[in-house]
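Okay, so here's the structure we're looking at.
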Amino acid sequence: MASVKAVRQPDLVLINWTRNPLVPGSARRITAARIIGNAQPCRFTLVKNGLLINALNCLLDHDIGFKVVFQKKTSSISGYMLLQRN
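Numbered according to the numbering used here, the sequence shown spans residues 3 to 88.
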């Protein structure tokens, strides 16, 4: 009988962000983040009101395999992005 192996599912991180509309050029801040699977070693950066740039630097720069697969601005001051690691 042939053995059946489970296929590893990708890790996903969905981030909603916003910036302060009263301060032009203000930093984007996380309003919500959802993790499906595992986001280590960057889980600590995915906190409400945390800076989006810190989370992205961790997820994209640690050679841990995350890539932005979708992003959309929902207004001039808010948006969301989906990152995936295979």
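The beta carbon of each residue, even a glycine, is placed where N, CA and C say it ideally should be.
Using three-state DSSP, classify residue i as helix, strand or coil.
i          : result
residue 36 : strand
residue 46 : helix
residue 18 : strand
residue 31 : strand
residue 77 : strand
Shortest alpha-carbon distance to residue i belongs to which of the options?
i          : options        : result
residue 12 : 82, 81, 66, 74 : 66
residue 39 : 7, 68, 80, 24  : 68
residue 53 : 17, 8, 4, 42   : 17
residue 56 : 6, 88, 87, 19  : 19
residue 1  : 24, 10, 44     : In this structure the chain extends from 3 to 88, so residue 1 is not present and cannot be described.
Considering residue i, what are the terminal residues of the alpha helix (DSSP H) in which it resides?
i          : result
residue 55 : 54-63
Count the other CB atoms within 10 Å of the CB of residue i; is the residue buried (16 or more) or exposed (fewer)?
i          : result
residue 2  : Here the chain comprises residues numbered 3 to 88, so residue 2 is not present and cannot be evaluated.
residue 29 : exposed
residue 41 : buried
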